[in-house]
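Student:
Residue numbers (our numbering): 3 to 276.
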C-alpha cells in the first residue's frame with residue numbers, strides 16, 4: 003500500500019510539457035528499437051548456430067539454446083517454442099518503437115511550413131537622411147499543436163512493457179538453466195570429482211561455461227558448424243540489451259502516462275470553466 007502511494011505521489015510530482023515529452027520519447031523509442039534489434043540478432047544467431055547439435059529428441063524439436071538438459075552423453079536443447087518466443091517476441095517492440103520514434107522525431111525536428119507574413123509594427127527608416135516609411139514583417143515557422151493522443155499510446159506502452167518483462171525473465175531463466183546443466187556435463191567430460199567438481203559448479207561463471215561449450219561440445223552427425231562462435235558473449239549482449247530495453251519501456255510508459263494524465267486534467271479544468 004505504501005509503495006502504491008509513493009508511486010502515485012511520484013506521478014503527481016512529475017510535470018512535463020508536450021514538446022519536451024515528445025523529444026524524450028523520440029530518443030527513447032529509437033534506443034528501444036536499436037536494443038530490440040541487437041537482442042534479436044544475438045539470439046537468432048546463437049540459436050541457429052547450435053540448432054543441429056542440440057536437437058537430439060525423437061518426437062519433438064528440442065534445438066533451443068535455452069533450457070538445455072544434460073542427457074546421457076550430450077547436452078539436449080530446450081523446446082523450440084522457447085526460442086521462437088525468445089526471438090520473435092521483440093518484433094512488437096521493434097515495430098512500435100520505429101513507428102512512434104519516427105512520428106515523434108518528425109514532430110520534434112521538422113518544422114511546419116512558414117506562416118503567413120505578419121506586420122507587427124509600422125515605423126520610419128532613415129537611410130542616408132532619406133525618410134522612408136516601412137513595415138516590419140515577420141515570417142516564422144508554424145508551431146505544431148501539442149500531441150493529443152496520449153491515452154492509446156499509454157495502453158500500448160503498458161502492453162509492450164509487460165511483454166518485455168516476460169521476455170527478459172524467460173531469456174534470463176533459460177540462460178542460467180542451460181548454464182547449470184552444462185556444468186554437470188563439463189564435470190562428466192573432464193572426469194572431475196571432489197573439490198574440482200565443486201569448483202566447476204560454484205566458481206566458474208556462465209560465460210566460462212559457454213566457452214567450454216564452444217570448444218568441447220561435438221557437432222551432431224559430423225556436421226561442421228564452422229568457426230567457433232563466442233556463445234557466452236552473444237548471450238550476454240542479448241541479456242544486457244533485453245533488460246535495458248525493458249527499463250526504457252518503463253520510462254516510455256511513465257512519460258505517456260504522465261502526459262495522458264496532464265491532458266485529462268487540463269480537459270477537465272476547461273470543461274469546468276465553461
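Where is the CB? At the ideal position from N, CA and C, for every residue including glycine. From a predicted model like this one, the values you see are computed outputs, not experimental measurements.
Could you tell me the alpha carbon to alpha carbon distance between residue 175 and residue 112, rounded to whole angstroms?
Tutor: Near 44 Å, if we compare the C-alpha coordinates of residue 112 and residue 175.
Student: According to DSSP, is residue 289 helix, strand or coil?
Tutor: Look at the range of the chain in this structure, 3 to 276, and you will see that residue 289 is not part of it.
Student: Beta-carbon within less than 8 Å of residue 22's beta-carbon, same chain only, minus the 5 sequence neighbours each way: which residues are those?
Tutor: So no residue of the chain qualifies.
Student: Leaving out five residues on either side along the sequence, give the residues of the same chain with a beta carbon under 8 Å from the beta carbon of residue 32.
Tutor: Correct list, in chain order: 99, 103, 107.
Student: Excluding the 5 residues preceding and the 5 following residue 259 in the sequence, name in chain order all residues of the same chain whose CB lies nearer than 6 Å to its CB.
Tutor: Within the same chain, residue 259 has close Cβ partners 156.
Student: Beta-carbon separation of residue 68 and residue 85 under 8 Å?
Tutor: The answer is yes: Cβ separation under 8 Å.
Student: Nearest CA to the CA of residue 93: which residue from 169, 152, 64, 54?
Tutor: Ranking the options by Cα distance to residue 93, first place goes to 169.
Student: Applying the 10 Å Cβ sphere with the 16-neighbour rule, what's the burial state of residue 1?
Tutor: Absent from the structure is residue 1, since the part of the chain shown begins at 3 and ends at 276.
Student: Would residue 189 pass as a contact of residue 202 if the rule is Cβ separation under 8 Å?
Tutor: Against a cut-off of 8 Å, the Cβ pair of residue 202 and residue 189 comes out as a contact.
Student: By Cβ distance below 7 Å, which residues in the same chain neighbour residue 217 in space, the five residues on each side in sequence not counted?
Tutor: Excluding positions up to five away in sequence, the list reads 230.
Student: Looking only at its chain, what residues have a beta carbon closer than 7 Å to the beta carbon of residue 215, apart from the 5 residues adjacent to it on each side?
Tutor: Result list for residue 215: 184, 233, in chain order.
Student: Who are the Cβ neighbours of residue 236 in its own chain at under 7 Å, not counting the five residues just before and after it?
Tutor: Once the five neighbours on either side are set aside, the close Cβ partners of residue 236 are 44, 47, 48.
Student: I need the straight-line Cα distance from residue 56 to residue 80, nearest angstrom please.
Tutor: Going by the C-alpha atoms only, they are around 8 Å apart.
Student: Applying the 10 Å Cβ sphere with the 16-neighbour rule, what's the burial state of residue 109?
Tutor: Residue 109 comes out buried.
Student: Grouping DSSP H, G and I as helix and E and B as strand, with all else coil, what is residue 107?
Tutor: Residue 107 falls in the helix class under three-state DSSP.
Student: Unbroken beta strand (DSSP E) runs of length 3 or more, entirely within the segment 63–91: which are they?
Tutor: List check, beta strand (DSSP E) in window: 66–73, 76–80.
Student: As a quick exercise: from 75, 26, 164, 38, pick the residue whose alpha carbon is nearest that of residue 219.
Tutor: It is 75.
Student: Would you report the Cα separation of residue 53 and residue 66, rounded to the nearest angstrom?
Tutor: Using only the alpha carbons, I get a separation of about 6 Å.
Student: Have a look at residue 162 and residue 20 and give me their C-alpha separation to the nearest angstrom.
Tutor: Near 22 Å, if we compare the C-alpha coordinates of residue 20 and residue 162.
Student: Among 192, 252, 239, whose alpha-carbon lies nearest the alpha-carbon of residue 209?
Tutor: Among 192, 252, 239, the Cα nearest to that of residue 209 belongs to 239.
Student: Can you tell me where the alpha helix (DSSP H) holding residue 151 begins and where it ends?
Tutor: Residue 151 -> no alpha helix (DSSP H), and no H or E assigned at all.
Student: Going along the chain, which residues of its own chain have a beta-carbon closer than 8 Å to the beta-carbon of residue 58, five neighbours each way excluded?
Tutor: For residue 58, where only same-chain residues beyond five positions count, the Cβ hits under 8 Å are 64, 73, 76, 78, 79, 222.
Student: Whole angstroms is fine: what's the gap from residue 247's alpha carbon to residue 187's?
Tutor: Approximately 33 Å, taken between the alpha carbons.
Student: Report, in whole angstroms, the separation of the C-beta atoms of residue 243 and residue 97, which I expect to be a contact under 8 Å.
Tutor: Not a contact, Cβ separation roughly 17 Å.
Student: On the criterion of 16 or more Cβ atoms from any shown chain inside 10 Å, does residue 164 qualify as buried, or is it exposed?
Tutor: Flag for residue 164 reads exposed.
Student: Thinking C-alpha only, which one of 91, 178, 195 is nearest residue 207?
Tutor: The shortest Cα separation from residue 207 among 91, 178, 195 belongs to 178.
Student: Would you give the residue range spanned by the alpha helix (DSSP H) that residue 56 belongs to?
Tutor: That run of the alpha helix (DSSP H) goes 20–56.
Student: Excluding the 5 residues flanking residue 131 on each side, which residues of the same chain have their C-beta closer than 7 Å to its C-beta?
Tutor: Low local confidence applies: a pLDDT of 47 at residue 131 is under 50, so the model's placement there is unreliable, and no value is given.
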